[in-house]
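Comments concern the structure below.
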Amino acid sequence: MSPAINIQHHYPVSVERLWTELEQIDRHVLWMADAVKITFTTPQERGLGTTFTCLTKVGPISLTDVMTITAWEAQRAMGVRHSGIVTGEGLFTLQSSASGSTLTWAETLAFPWWMAGKLGEILAKPILTALWKGNLRRLAKLL
1 MSPAINIQHH YPVSVERLWT ELEQIDRHVL WMADAVKITF TTPQERGLGT TFTCLTKVGP
61 ISLTDVMTIT AWEAQRAMGV RHSGIVTGEG LFTLQSSASG STLTWAETLA FPWWMAGKLG
121 EILAKPILTA LWKGNLRRLA KLL
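Under the UniProt record's numbering, the sequence shown has 138 at position 138, and the numbering climbs by one with no breaks.
What follows is the structure in structure tokens.
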């Protein structure tokens, strides 16, 4: 697994408002620059056990990410397992504060050998960190 990527962003809105946007997985393409298209593979589109594929593009690299929602605590946390070409775990956690709410995004990913394996993971960390920080800034525009 890659070195963990942990980023945070503070939003001047309630946890309830932040969760209302975050729980709409189909809308993640509106704020995640690397998420091109989401296709659900279960009838449900929210909640524990939801599965979907996400056409993901980072620079010249494009792949289909296969994901399962592994944690779902309304207004608190959403977890995902990546089981496609790139594997790993991701977790969004939300925390309330007097001035709004904070979203923390934590990911660990494992790259296949043909994506340079562990070396690729290390090299990708600063790129993904910058990309995902931008994603959290774009999310703010939807709130």
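Here a beta-carbon is modelled for each residue, glycine too, at the ideal position from N, C-alpha and C.
Using 8 Å as the threshold, is the C-beta distance between residue i and residue j below it?
i: ILE69; j: GLY79; result: yes
i: GLY100; j: TYR11; result: yes
i: TRP72; j: GLY88; result: no
i: LEU142; j: LEU94; result: no
Name the DSSP beta bridge partners of residue i, please?
i: LEU91; result: GLY79 and ALA106
i: VAL58; result: ILE61
i: PHE40; result: PHE52
i: MET67; result: PHE52 and HIS82
i: GLN8; result: THR104
i: GLU73; result: ALA77
i: SER96; result: SER101
i: ALA35; result: THR56
Among the options, whose alpha-carbon lies nearest the alpha-carbon of residue i?
i: THR41; options: GLY47, PHE52, LEU48 and ASP34; result: PHE52
i: TRP114; options: SER14, LYS141 and ILE85; result: ILE85
i: ILE7; options: ARG76, ARG17 and GLU107; result: GLU107
i: LEU55; options: PHE92, ALA77, LYS37 and MET67; result: LYS37
i: GLU23; options: GLY134, ALA74, ALA98 and ALA110; result: ALA74
i: LEU102; options: GLU45, ALA77 and HIS28; result: One detail in the question is off: residue 102 reads as Thr in this sequence, not Leu. Minimum Cα distance to THR102 is reached at ALA77.
Does the beta-carbon of residue i have 16 or more other beta-carbons within 10 angstroms, so that it is buried, or is it exposed?
i: SER83; result: exposed
i: LEU30; result: exposed
i: ALA33; result: exposed
i: VAL15; result: buried
i: ALA124; result: buried
i: THR39; result: exposed
i: ILE5; result: buried
i: THR50; result: buried
i: LEU128; result: buried
i: ASP26; result: exposed
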